[in-house]
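Trainee:
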Amino acid sequence: MKPLSGALRYRLLRARYLLASLIVLAILAGALFYYYLDARTLLLPYFFLPVTAGAVLSGRIKGLAYALLAIFLVGGPVMFWGSEFLHRGTAHQSDELAALGAWLFLLPVSAFIVGLVSELGGNRLLVLGLGADAMSAVERERKRMAFDIHDGIAQTANTALMQAEVLEMLAEKADPELRSQIRSVRDTASLAVGEIRTMIGQLRPPALSASEFPATLHHLIEDFVERTDIKIEFDLAADLSGHSDSVRICVFRVMQEALSNIQNHAKASRAYVGLNEARGGVFLTIRDDGVGFEVPALNQLLAVTSQSHHGLASMQERVWLLTGRIEIESRPQEGTAIRAFIPRYQA
Ligand SMILES: Nc1ncnc2c1ncn2[C@@H]1O[C@H](COP(=O)(O)OP(=O)(O)OP(=O)(O)O)[C@@H](O)[C@H]1O
Ligand SMILES: [Mg+2]
150 MKPLSGALRY RLLRARYLLA SLIVLAILAG ALFYYYLDAR TLLLPYFFLP
200 VTAGAVLSGR IKGLAYALLA IFLVGGPVMF WGSEFLHRGT AHQSDELAAL
250 GAWLFLLPVS AFIVGLVSEL GGNRLLVLGL GADAMSAVER ERKRMAFDIH
300 DGIAQTANTA LMQAEVLEML AEKADPELRS QIRSVRDTAS LAVGEIRTMI
350 GQLRPPALSA SEFPATLHHL IEDFVERTDI KIEFDLAADL SGHSDSVRIC
400 VFRVMQEALS NIQNHAKASR AYVGLNEARG GVFLTIRDDG VGFEVPALNQ
450 LLAVTSQSHH GLASMQERVW LLTGRIEIES RPQEGTAIRA FIPRYQA
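Right under this line is the structure:
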């Protein structure tokens, strides 16, 4: 997220002061009307407008302050002149007092609740925005690493492989022991080149545009099918075109890590991957019928990470960055299920 420039911050600050002054003016104007009306309690609902607007803009504490200002302006004269002040005729005074009592209670409570909801909503959006930015930063960094590996160590490993191949040709007539040693060097170099290529492929960001994304997911599944003998059912029921890139990255990376865990650890014969629309977001499920494992408690996951198991922890971090929820359910010999809810976010 770009830091706000000084001038912009100053303008925003001025706009806030302007809005606060308008809200105070609206309350004062309401109070003036209130003094000049005969049936004063009829005007009480009006004060909900500026007070709750103030709570939305400035949160619960300032919202409460606006409510107290209105209560002071409206309730002060009643305290001073007694309940006759409420209605110049005397017939309805008890009704008027009851209405005033309800208003005195409801106005600060509404200001507090509206302010709180606005703060929580605002904070959630702020966190979501920061999470999405962090996610893009991680992807940029992965892309840079993929380039670095491609231009650096990948070239070195390729050269080593070519040199080993040349050596093998030159040693065609050498003794069998030497030839077998050279072949094994060539095989190791070839393995290294293969692993580096896979690593570059995994680091590079997938095609994320709304139109390409379903194909990207299908490609991930097809790759998995090619690499393993595991039967997989894929249910792509959600349309992710209304979501931002950060949601699509998150879905892709969680799926990629879960599938690579199934390939490396699960010894499964069947797996299921489902992506469904849910209220306010998408729901991702990846299940296998493999050997399962004892899931570490949440607070142990970071410790596990430091022992060079990063997959599960980074899955969780990605989902949490977008204020989503993730659940890893597994028991030895009972398979594994990962369920994640990722909220809708539009940058
Ligand atoms: N689907 C699964 N089935 C069985 N065991 C699993 C499964 N997923 C994870 N595990 C177990 O949880 C451990 C932690 O997984 P995690 O993905 O965090 O690390 P990792 O796969 O070992 O290493 P990496 O950092 O390369 O992902 C694994 O080592 C494995 O024992
Ligand atoms: Mg893993």
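Per our numbering, the very first residue in the sequence shown carries number 150; after that it's consecutive. Even glycine gets a Cβ: it sits at the ideal position worked out from N, Cα and C. Computed from a predicted model, the values in this text were never measured in an experiment.
Tell me whether Ala188 sits in a helix, a strand or coil according to DSSP, three-state version.
Mentor: strand
Trainee: Mapping the DSSP letters down to three states, classify Ala105 as helix, strand or coil.
Mentor: No answer is possible for residue 105: the residues shown for the chain start at 150 and end at 496.
Trainee: Considering Cα atoms alone, identify which of Gln304, Asp438, Ser360 is closest to Ser339.
Mentor: Of the candidates Gln304, Asp438, Ser360, the one whose C-alpha sits nearest the C-alpha of Ser339 is Gln304.
Trainee: Would you please state the rounded distance, in angstroms, between the beta carbons of Leu235 and Thr472? I believe it to be under 8 Å.
Mentor: That pair is no contact at about 48 Å.
Trainee: Which residues in the same chain as Ile411 place their Cβ atom closer than 7 Å to its Cβ, once the five residues preceding and following it in sequence are excluded?
Mentor: Ile379, Ala417, Ala420, Asp437, Gly439
Trainee: How would you call Ser443, buried or exposed, if buried means at least 16 neighbouring beta carbons within 10 angstroms?
Mentor: Before going further, note that residue 443 is Glu rather than Ser in the sequence given. Exposed.
Trainee: With 16 other CB atoms within 10 Å as the buried threshold, where does Ile491 fall?
Mentor: buried
Trainee: Excluding the 5 residues preceding and the 5 following Glu406 in the sequence, name in chain order all residues of the same chain whose CB lies nearer than 6 Å to its CB.
Mentor: Gly460, Met464
Trainee: Going by other Cβ atoms of all chains shown within 10 Å of its Cβ, with 16 needed for buried, is Leu181 buried or exposed?
Mentor: Exposed is the call here.
Trainee: Whole angstroms are fine: how far does the CA of Gly225 sit from the CA of Ala204?
Mentor: 22 Å
Trainee: May I have the straight-line CA-CA distance separating Ile398 from Phe296, to the nearest angstrom?
Mentor: 19 Å
Trainee: Taking only three categories from DSSP, how would you classify Ile379?
Mentor: Coil, per DSSP.
Trainee: Would you say the beta carbon of Leu357 comes nearer than 7 Å to a heavy atom of ligand 1?
Mentor: no
Trainee: Looking at Phe261 and Ile222, is the spacing between their C-beta atoms short of 8 Å?
Mentor: This sequence places Leu at residue 222; Ile is not what is there. Cβ distance not < 8 Å, so Leu222 and Phe261 don't count as in contact.
Trainee: Checking the sheet assignment: what are the DSSP bridge partners for Arg488?
Mentor: Thr434, Glu476
Trainee: Drop a sphere of 10 angstroms on the beta-carbon of Asp244, count the other beta-carbons inside from all chains shown, and report buried for 16 or more, exposed for fewer.
Mentor: Burial check for Asp244: the Cβ neighbour count within 10 Å stays below 16, so the residue is exposed.
Trainee: Spatial neighbours of Pro481 within its chain, please: C-beta separation below 8 Å, excluding the five flanking residues on both sides.
Mentor: Val440, Gly441, Phe442, Glu443
Trainee: Are the CB atoms of Gly208 and Gly264 within a distance shorter than 8 Å?
Mentor: yes
Trainee: Do you know how far the Cα of Glu290 is from the Cα of Leu206?
Mentor: 37 Å
Trainee: For Ala247, does the count of other Cβ atoms within 10 angstroms reach 16, so buried, or fall short, so exposed?
Mentor: exposed
Trainee: Mind listing, in chain order, the continuous alpha helix (DSSP H) runs of no fewer than 4 residues lying wholly within the segment 260-299?
Mentor: none
Trainee: Spatial neighbours of Ala359 within its chain, please: CB distance less than 6 Å, with the 5 preceding and 5 following residues excluded, ordered by chain position.
Mentor: Closer than 6 Å at Cβ, skipping near neighbours: Ser390.
Trainee: Does the distance between the C-beta of Tyr406 and the nearest non-hydrogen atom of ligand 1 fall short of 7 Å?
Mentor: Tyr is not the amino acid found at residue 406; the sequence shown has Glu there. Correct: Glu406 has its Cβ closer than 7 Å to ligand 1.
Trainee: Mind listing which residues have their beta carbon within less than 5 Å of any non-hydrogen atom of ligand 2? Chain order is fine.
Mentor: Asn410, Gly460
Trainee: Which ranges does the alpha helix (DSSP H) cover as unbroken runs of at least 4 residues, wholly within the segment 382-425, from first to last along the chain?
Mentor: 394-410
Trainee: Measuring only from the beta carbon, is Phe401 closer than 7 Å to any heavy atom that is part of ligand 1?
Mentor: no
Trainee: What residue does the alpha helix (DSSP H) around Glu326 start on, and which one ends it?
Mentor: 325-352
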